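Peer 1: In my numbering, the protein residues as written are -17 to 313.
Note that beta-carbon positions come from the ideal geometry of N, C-alpha and C, so glycine has one too.
If you're wondering where the values come from, they're calculated on a predicted model, not measured in any experiment.
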């Protein structure tokens, strides 16, 4: 176990960044089509193919998922991943046609100091293709891929991942891009809200403060009263090796979404675009009531841990006035 999304067999992850623009894309590639669903709880989401994942829609499996910076421009990243998959002959087959199925979600990172004057066409389709090209079973955390340009209310945001194994041997893992309107830390201190779920000091081992002051519980959001609905979002993917139907994957996404609330304060605001995909590779059977509930419970913990790891591993952008990284202040 690497404590990464790729602890789930048959899942690979690739990052590509553009340092000048201060943005990037992350590709999650499934070696075989995976059952998938989506749960959206933020007030300002940006998604690709979300209607396809509705329970009333026919297609229930996806070939990849795209996570990207760039706000609405970044939706093009899914097209680049789709192009790579098409070259591999991957996709939904309808007679002679082959259509790779690539849902996705984006974060707003257009005001982070990078040079966004990219000309007629945004670079995200090319970034998506490049990310798919380098996808592997090992990948970096922090200011990489779709997390390169991410920020939170108090510290530089980033990309995190975590995994767990249930007592019955079923695995679950998450990858999260943390660009939240709220804060992942208690007040201005070193403590992560997700501290009760931390394993093996994976985000500093600082625990929680012994007491909470009113200042610690005060709302900290990016932009204060003037926060813009397009400026924030936490997006991610939960994957399990359990065998799930599309409705069960939807329930997993819903339960796992509580991990956002364990790691971000406040969360699911009108100015957030919080999106969580859930996917199942179908290797192991699961009991559909208690078993699925337990899977969702652990998945929520894994989501919270991945969010904290994304901020813990982030590095500040090299621009004047850039948001400091957690490690800049607390080592």
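Run through DSSP, which three-state label would residue 314 get?
Peer 2: Residue 314 lies beyond the range of the chain shown here (-17 to 313); nothing can be said about it.
Peer 1: The ligand ADP and residue 62: does the residue's C-beta get closer than 6 Å to at least one heavy atom of that ligand?
Peer 2: Absent from the structure shown: the ligand ADP. Ligands present: none.
Peer 1: My guess is that residue 67 and residue 82 are in contact by the Cβ rule of under 8 Å, so how many angstroms apart are they, rounded?
Peer 2: So it is a contact: roughly 4 Å between Cβ atoms.
Peer 1: Where does the unbroken beta strand (DSSP E) through residue 69 begin, and where does it stop?
Peer 2: Per DSSP, residue 69 belongs to no beta strand (DSSP E); it is in the alpha helix (DSSP H), 59 to 69.
Peer 1: Which residue comes first and which comes last in the alpha helix (DSSP H) that contains residue 283?
Peer 2: Where residue 283 is concerned, the enclosing alpha helix (DSSP H) stretches over 272 to 294.
Peer 1: Quick check on the DSSP output: the beta strand (DSSP E) that includes residue 233 runs from which residue to which?
Peer 2: Where residue 233 is concerned, there is no enclosing beta strand (DSSP E), although the alpha helix (DSSP H) it sits in stretches over 228 to 238.
Peer 1: Give every residue of the same chain whose Cβ lies closer than 6 Å to the Cβ of residue 188, excluding the five residues on either side of it in the sequence, and list them in chain order.
Peer 2: For residue 188, where only same-chain residues beyond five positions count, the Cβ hits under 6 Å are 172, 173.
Peer 1: Can you name the start and end residues of the alpha helix (DSSP H) that residue 311 belongs to?
Peer 2: Looking at the DSSP string, the run of the alpha helix (DSSP H) that includes residue 311 is 308 to 312.
Peer 1: Thinking residue 223 and residue 263 are a contact (beta carbons under 8 Å), I'd like their distance in whole angstroms, please.
Peer 2: Right, their Cβ atoms sit about 5 Å apart.
Peer 1: Whole angstroms is fine: what's the gap from residue 236's alpha carbon to residue 16's?
Peer 2: Using only the alpha carbons, I get a separation of about 18 Å.
Peer 1: Residue range of the alpha helix (DSSP H) that residue 196 falls in?
Peer 2: 196 to 199 is the extent of the alpha helix (DSSP H) around residue 196.
Peer 1: What distance in whole Å lies between the Cβ atoms of residue 57 and residue 257, which are believed to be in contact at a cut-off of 8 Å?
Peer 2: 12 Å between Cβ atoms; not a contact.
Peer 1: Under the assumption that residue 204 contacts residue 97 (Cβ atoms under 8 Å), give the Cβ distance between them as a whole number of angstroms.
Peer 2: The Cβ separation is near 21 Å, so there is no contact.
Peer 1: Using the C-alpha atoms, what's the distance from residue 292 back to residue 208?
Peer 2: Any answer about residue 208 is weak, because its pLDDT of 43 lies below 50 and its placement is not dependable; what the coordinates show is given next. Whole-angstrom Cα-Cα distance: 26 Å.
Peer 1: Under 8 Å by Cβ, that's how I've got residue 139 and residue 132 pegged, so tell me the actual separation to the nearest angstrom.
Peer 2: That pair is a contact at about 3 Å.
Peer 1: Could you give the C-beta distance for residue 121 and residue 308, rounded to a whole number, given that I count them as a contact under 8 Å?
Peer 2: That pair is no contact at about 20 Å.
Peer 1: Return helix, strand or coil for residue 27, following the three-state DSSP convention.
Peer 2: Residue 27 falls in the coil class under three-state DSSP.
Peer 1: Evaluate residue -16 with the Cβ neighbour count: other Cβ atoms within 10 Å of its Cβ, from every protein chain shown; 16 or more gives buried, anything less gives exposed.
Peer 2: Label assigned to residue -16: exposed.
Peer 1: Taking residue 169 as the reference, which of 153, 144, 196 has the closest Cα?
Peer 2: Among 153, 144, 196, the Cα nearest to that of residue 169 belongs to 196.
Peer 1: Would residue 18 and residue 231 be called neighbours here (beta carbons separated by less than 7 Å)?
Peer 2: Yes. Within cutoff.
Peer 1: Closer than 6 Å by C-beta to residue 229: which residues in its own chain qualify, once you throw out the five before and the five after it? Chain order, please.
Peer 2: Closer than 6 Å at the Cβ level, and outside the excluded window around residue 229, lie 37.
Peer 1: What residue does the beta strand (DSSP E) around residue 87 start on, and which one ends it?
Peer 2: Residue 87 -> beta strand (DSSP E) spans 86 to 88.
Peer 1: For residue 303, which residues from the same chain have a beta carbon less than 8 Å from its beta carbon, with the 5 sequence-adjacent residues on both sides left out?
Peer 2: 95, listed in sequence order.
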